[in-house]
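**Student:** Note that the sequence shown covers residues 2 to 264 in the numbering used here. Glycine included, each C-beta is placed from N, C-alpha and C at the ideal position. Please read these numbers as outputs of a predicted model, since none were measured by experiment.
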Amino acid sequence: MTEPAGRVQNAPITAQYPEFPGKAAVVTGAARGMGARFAAGLAARGVDVVGADIDEAAMAATAQEIAGPGKVVAARIDVTRAEDHEAVARIALERFGRLDFWVNNAGVFPYAPVGEITPEQIGSTLSVNVEGVLYGAQAAARHMSPGGAIVNMSSVSAVRVRKGRGAYCTSKAAVAHLTESLAVELGDRGIRVNALAPGYIDTDMTRWVKEDPAALQHALDVVPLHRLGSPEEVLGPLLFLLSDSARYVTGHSIAVDGGSRHV
Ligand SMILES: NC(=O)c1ccc[n+]([C@@H]2O[C@H](COP(=O)([O-])OP(=O)(O)OC[C@H]3O[C@@H](n4cnc5c(N)ncnc54)[C@H](O)[C@@H]3O)[C@@H](O)[C@H]2O)c1
């Protein structure tokens with residue numbers, strides 16, 4: 002389908018997975034953006050979800066808005082704290098009696114030219130974006146039902162340089178590699194681990210692109226489909242990676258970027 006340049010396509014992804022109803026998932030960073038869409042898309046397919054976010058009030062409001070049929074329980078998490086992941090896993094087990102899927106989605110996207118990255122910025126970026134994935138995967142692996150699947154949020158920035166985002170790009174490259182390490186080690190237990198590598202997706206994180214006409218034009222030029230992606234368009238590949246259709250897929254990063262070859 003040809004879309005007019007620039008228009009974000011929010012039409013629902015229609016794929017259904019008959020094996021999903023009755024399963025249970027944790028999604029971090031689920032208060033807004035892609036995480037909120039992931040929680041809603043899973044719940045719409047009968048998956049019970051613990052939506053976890055550092056913004057407790059926003060997470061509670063998002064959970065309220067999701068229709069189901071899967072249940073959505075809101076929880077507070079700071080993904081930099083391993084003990085918070087353990088607590089969230091226990092909520093899933095107490096409320097739903099099982100844990101099948103874990104989506105390490107929470108992330109931060111700070112700006113600074115590499116010469117100006119402070120110890121605080123590199124520390125907090127690696128802590129949220131990389132340690133947050135590691136601790137989530139550790140908690141998931143401790144408690145997952147057989148056949149479990151983990152999906153981590155990397156980025157096209159893992160393999161391409163984005164000016165002013167050195168800390169972020171470094172963190173997402175680490176997520177891509179950590180995904181491979183996790184897949185190798187957790188494969189022994191039948192747990193699959195993959196990553197999604199989105200390009201320009203229309204969320205709060207990319208508001209700066211839409212607010213700067215030159216940045217928006219650049220994005221539309223370098224993306225072959227000539228538009229930003231929507232959270233719904235990342236949900237589609239997420240569902241596939243979690244599903245039985247991807248049961249022989251592990252250790253990979255899948256780009257969801259409208260085909261872009263540049264930044
Ligand atoms: N939007 C894009 O274009 C894009 C592109 C590539 C990758 N990503 C990645 O996708 C993921 C989701 O991005 P988004 O665009 O939906 O972002 P967003 O900023 O809209 O949402 C991020 C969510 O993570 C939460 N969060 C931040 N720090 C946290 C912490 N310490 N503990 C728990 N929750 C925390 C926030 O409260 C927020 O709800 C991120 O990992 C991001 O790096 C986004």
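Taking the C-alpha atoms as reference points, what is the distance between Gly259 and Cys170?
**Tutor:** Taking the straight line from one Cα to the other gives about 19 Å.
**Student:** Would you tell me roughly how many angstroms separate the C-alpha atoms of Gln10 and Arg99, rounded to the nearest one?
**Tutor:** Answer to the nearest angstrom: the Cα atoms are 34 Å apart.
**Student:** Which residue or residues does DSSP assign as beta-bridge partners of Leu197?
**Tutor:** Beta-bridge pairing links Leu197 to Met154, Ile255.
**Student:** Compute the distance between the beta-carbons of Val50 and Val73, then report whether it is under 8 Å.
**Tutor:** Going by C-beta atoms, Val50 is nearer than 8 Å to Val73.
**Student:** So the candidates are Gly69, Ala68, Ala93, Pro70; which of them puts its Cα closest to the Cα of Ala76?
**Tutor:** When each option's Cα is compared against that of Ala76, the closest is Ala93.
**Student:** From the DSSP output, read off the bridge partner residues of Ile202.
**Tutor:** Answer is Gly230, bridged to Ile202.
**Student:** So does Thr207 have its beta carbon nearer than 7 Å to some heavy atom of ligand 1?
**Tutor:** Correct: Thr207 has its Cβ closer than 7 Å to ligand 1.
**Student:** Of the residues His253, Val264, Val250, Gly165, which one's Cα is nearest the Cα of Ala220?
**Tutor:** Closest by alpha carbon: Val264.
**Student:** Take Val257 as the anchor and find which of Glu121, Gln122, Ala64, Ser158 has the nearest alpha-carbon.
**Tutor:** Measuring from the Cα of Val257, the nearest candidate turns out to be Ser158.
**Student:** Classify Asp79 as helix, strand or coil using the three-state DSSP reduction.
**Tutor:** Coil, per DSSP.
**Student:** Report the rounded CA-to-CA distance for Lys211 versus Phe39, giving the unit in angstroms.
**Tutor:** Roughly 23 Å between the two C-alpha positions.
**Student:** Let me know if Tyr249 comes out buried or exposed under the rule of 16 or more other beta-carbons within 10 Å of its beta-carbon.
**Tutor:** So Tyr249 ends up on the exposed side.
**Student:** Examine the Cβ distances between the stretch 221–240 and the stretch 112–132 and report whether three or more of them are shorter than 8 Å.
**Tutor:** With a cut-off of 8 Å, the stretch 112–132 and the stretch 221–240 do not count as touching, because too few Cβ pairs lie within range.
**Student:** Just reading off the beta strand (DSSP E) that Ala26 is part of, what are its end residues?
**Tutor:** Note, Ala26: beta strand (DSSP E), 25–29.
**Student:** Tell me where the beta strand (DSSP E) around Ala53 begins and ends.
**Tutor:** Run containing Ala53: 49–54, per the beta strand (DSSP E) assignment.
**Student:** Spatial neighbours of Ala168 within its chain, please: C-beta separation below 8 Å, excluding the five flanking residues on both sides.
**Tutor:** The residues are Pro111, Ala113, Ile118, Gln122, Ile123, Thr126, Leu127.
**Student:** Starting from Trp103, follow its DSSP beta bridges and name the residues at the other end.
**Tutor:** Trp103 is bridged to Val27, Ile151.
**Student:** On a Cα-Cα basis, can you pick out the residue from Pro147, Arg166, Gln65, Asn105 that is closest to Ala138?
**Tutor:** Measuring from the Cα of Ala138, the nearest candidate turns out to be Asn105.
**Student:** Are the beta-carbon atoms of Ala197 and Ala142 separated by less than 8 Å?
**Tutor:** The displayed chain sequence assigns Leu, not Ala, to residue 197. No, Cβ-Cβ distance for Leu197 and Ala142 is not below 8 Å.
**Student:** Following a CB-centred definition, is Met145 positioned closer than 7 Å to any heavy atom of ligand 2?
**Tutor:** In the structure shown, ligand 2 is absent; the only ligands present are ligand 1.
**Student:** Looking only at its chain, what residues have a beta carbon closer than 7 Å to the beta carbon of Glu181, apart from the 5 residues adjacent to it on each side?
**Tutor:** Cβ within range, chain order: Gly252.
**Student:** Do Gly36 and Ala107 count as a contact pair if the criterion is CB distance below 8 Å?
**Tutor:** Yes, Cβ-Cβ distance for Ala107 and Gly36 is below 8 Å.
**Student:** Starting from the C-beta of Ala247, find all residues in its chain whose C-beta is less than 8 Å away, skip the five residues before and the five after it, and write them out in chain order.
**Tutor:** So the list reads Ala150, Arg193, Asn195, Phe241, once near-sequence residues are dropped.
**Student:** I want to check one thing, is the minimum distance from the CB of Ile255 to the heavy atoms of ligand 1 below 7 Å?
**Tutor:** Ile255 Cβ: outside cutoff for every heavy atom of ligand 1.
**Student:** For a test of the three-state rule: what should DSSP assign to Arg190, helix, strand or coil?
**Tutor:** Three-state result, Arg190: helix.
**Student:** Based on Cα-Cα distance, which residue from Gly191, Val185, Asn153 lies nearest to Ala174?
**Tutor:** The shortest Cα separation from Ala174 among Gly191, Val185, Asn153 belongs to Asn153.
**Student:** Starting from Val74, follow its DSSP beta bridges and name the residues at the other end.
**Tutor:** Answer by DSSP bridge pairing, in chain order: Val51.
**Student:** Count the other CB atoms, across all protein chains shown, that sit within 10 Å of the CB of Lys164; report buried if there are 16 or more and exposed otherwise.
**Tutor:** Under this definition Lys164 is an exposed residue.
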